[in-house]
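Residue numbers (my numbering), protein chains in the order written: chain A, 3 to 456; chain C, 54 to 525.
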């Protein structure tokens, strides 16, 4: 995204040229589009073709920050946004750490984020892909119905410019297919329905694995049929790769530099201490091209980089944007996040992963006397408190007995605390999977978790 | 008291609407619709004792939907000019090509405005300094509760959204929705680590809401919750009777049955409530209503996002399932009226079936009796969010302030956790329902990637058995 000169860069440049003396100004400009196609029973249910654009402007003067945005790039609207941002400055509190990012000399890595094949991919082929996925999935098992099959792609172009010397623009695109399934069993009062999903992502449709998406959607829905609610017990859990990725996303919020400097991280004064089991190494590396969220620069325009957060169980560092770094007296780790033109940069992990082990999921399970293979977690947003560390989520999966998976269970919760779970990690699988989120998944074994049922 | 003036100029002129709609059916589609919005918003956030920034936002654009057979084409644009709209209409029409037929002539009939809310003070007329001052007051109030309070964050937000909906059935309707939102969260620190407390309020009225809502009291309440939980013990693990305080547990019904009564899930056979109209699905104590017309509530609208006037819909009456919730497409397929439940996040999104304000009416019981008749269980004083799998009926919801009930008395505070249950079973297991109905906190309901504001409410109630997801 380093050399792509765009019309958007020119818009951003024109905004910051208007900065008054004593004023820091940042302009973030983006434009994008997406296609979303849903197929149901062989027909297109909906076809969405969307374009959007907008600008967000941040102004900092005498330690006070103001911000405004608009979902348009009309010249008069841009002038209004700059005026509003300036007007908003006077209502902020003086903050000695307030300021924009400054160039730090770290060169961005080369990343291939744009695919011409996708950009030119015709609409009817997109529809065909969704139809093919629906057909593949529906034919996978007589008990399975398809709730919907989808194709989606998106492209975006963005530019940022600041009076502190940041100037970056670039573009990226990507696509995915997904399918939702329903599996039915039983009649009347005993009728039961379970759900599943499958997906495949790529920089271009050529990278899709429709077979796998369909197979996983069938497996996820059917493997829980007949599940019952078991009695409560304390046991070892094996998290499926998808579930592990969700777990890591919760962990990432405790390693967020902004939470740390504001006293909200439970690890805020634990640098250099053992916070996870030995053998656990946690890395945020958006420069890894395998990561779904691989990128060359962060939300403030600094180079994205590889950061080791936990090394062999010992807490090494937190992730920072330029503001949290300034307050913590460290350098930005290139972890500014930005949701789009309508918001200012936050802090977050960009592509988090545990360093994988070597065993397959079956090999991990073979070593467990009594446990639960967790295939779904439900309610991560409602039952996990990343500040206190309390962890409790709904779960479904398969019981493990004497080294083999057995009966399916549902309507249970699994609970512990984040602090304890990191220390209770017994093994990390070798089955790393780069999922369409900010963390990678692999099978993960955690001991001494409470499963609540009847 | 003054009422917000109907804005003088329409977002799009009628003749332009008629031309665009007519053009959108050129390829033979039988239905086309324009949804346009112009939204201005102001928000301010305080954290760590500082007003971090005031944000001003402007979102303006139109979404055009074209339906041909069972296929919907949709495109949106931020360009509300005649040519911008025509381009979006062409894109939507191309996406939903029909089987021939002529161009529709469209004659729009403006409908009388339906305005459930009365706005006294338009937030845009209030100086930003007054909005920021609310944040400083709540920060001071929360910190004054005790030295245990180590961090406070708070947010203020207001918006005004003008909406216009026109379609080839001749519908031309508008709305003008003002929202005011305030939230505060506090962190307390003690020997057992950190704990959190949270309060929020949101209404579809103007700045006058702060005459009735004491933000300092909200700050003190958030601080009290956090400090109380410093002494919390781990929540129990397993199935127990659970009493839920009035005005906090509407999310239970939202998840246990609300989503399952949305007609899109019903028509795809993806709900445990499909085919059950007329059947007893809950304890006969339970009457469940979805009502988009409640003055000032967070889920209230004059019209839904398809131009249909909002209404009060009884979903479950004395335990019997009476109806589902409907949008345009689902109602059309069934040949029945819409119910005012077609909603969308913004002009960039397709509408679908959504709840508005969903609540359970009063029952016969004294709330004190509900607690005193519970030998051993959990009392939930504040719920967090929740989620449901409509097909299996399994749902979870979080508890963010809860206590043990021992021998009919509320005793020790409990740490946060999730509760899990199965919708149809939990509805039947509600065995006591209080007479102290209250609406709850404002919510954002997420479905298929879209968030819309919703309200909920309920009297104090008891579920005779729910699985509590603690560790003890």
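Positions of the beta carbon are idealized from the N, C-alpha and C atoms, including for glycine.
Residue i to residue j span [Cα, whole Å]
i	j	result
residue 65(A)	residue 21(A)	15 Å
residue 188(C)	residue 269(C)	9 Å
residue 274(A)	residue 284(A)	14 Å
residue 372(C)	residue 225(A)	33 Å
residue 410(C)	residue 229(C)	18 Å
residue 207(A)	residue 352(C)	40 Å
residue 405(A)	residue 364(A)	9 Å
residue 91(C)	residue 301(C)	33 Å
residue 271(C)	residue 74(A)	37 Å
residue 220(A)	residue 47(A)	21 Å
residue 217(C)	residue 482(C)	44 Å
residue 453(A)	residue 408(C)	33 Å
residue 459(A)	residue 303(A)	Examination of residue 459(A) is not possible in this model, given that chain A is present from 3 through 456 alone.
residue 167(A)	residue 323(A)	16 Å
residue 448(A)	residue 211(A)	31 Å
Contact with chain C by residue i, beta-carbon distance below 7 Å
i	result
residue 187(A)	no
residue 65(A)	no
residue 93(A)	yes
residue 338(A)	no
residue 387(A)	yes
residue 20(A)	no
residue 196(A)	yes
residue 266(A)	yes
residue 394(A)	yes
Neighbourhood of residue i by C-beta, 7 Å cutoff - its chain only, sequence neighbours within 5 removed
i	result
residue 460(C)	428
residue 346(A)	60 and 69
residue 218(A)	200
residue 256(A)	267, 268, 269, 388 and 420
Contact under 7 Å by Cβ, residue i with residue j
i	j	result
residue 459(A)	residue 88(A)	Because chain A is modelled from 3 through 456, residue 459(A) falls outside the range shown and cannot be assessed.
residue 65(C)	residue 161(C)	no
residue 178(A)	residue 154(A)	yes
residue 379(A)	residue 248(A)	yes
residue 397(A)	residue 416(A)	yes
residue 184(C)	residue 466(C)	no
residue 357(C)	residue 393(C)	yes
residue 307(C)	residue 509(C)	yes
residue 246(A)	residue 370(A)	no
residue 248(C)	residue 241(C)	yes
residue 160(A)	residue 32(A)	yes
CB contact check: residue i to chain A, cutoff 7 Å
i	result
residue 73(C)	no
residue 153(C)	With a pLDDT of 49 at residue 153(C), under the threshold of 50, the modelled position of this residue cannot be trusted, and the question is left open.
residue 67(C)	no
residue 208(C)	no
Three-state secondary structure (DSSP) of residue i
i	result
residue 42(A)	strand
residue 585(C)	Residue 585(C) falls outside the range modelled here, since chain C spans only 54 to 525, and no answer is possible.
residue 344(A)	coil
residue 92(C)	strand
residue 86(A)	helix
residue 157(A)	strand
residue 444(C)	coil
residue 215(A)	helix
residue 275(A)	coil
residue 126(A)	helix
residue 307(C)	helix
residue 191(A)	helix
residue 108(A)	coil
residue 368(A)	helix
residue 320(C)	helix
Sequence-distant residues of its chain with Cβ nearer than 6 Å to residue i (five each side left out)
i	result
residue 119(C)	77, 82, 85, 126, 145, 146 and 149
residue 258(C)	170, 172 and 349
residue 516(C)	295, 479, 482 and 483
residue 116(C)	88, 129 and 400
residue 251(C)	238 and 275
residue 464(C)	457
Same chain, Cβ closer than 8 Å to residue i, neighbours up to 5 away in sequence not counted
i	result
residue 438(C)	304, 450, 451 and 496
residue 423(C)	296, 485, 487, 513, 514 and 515
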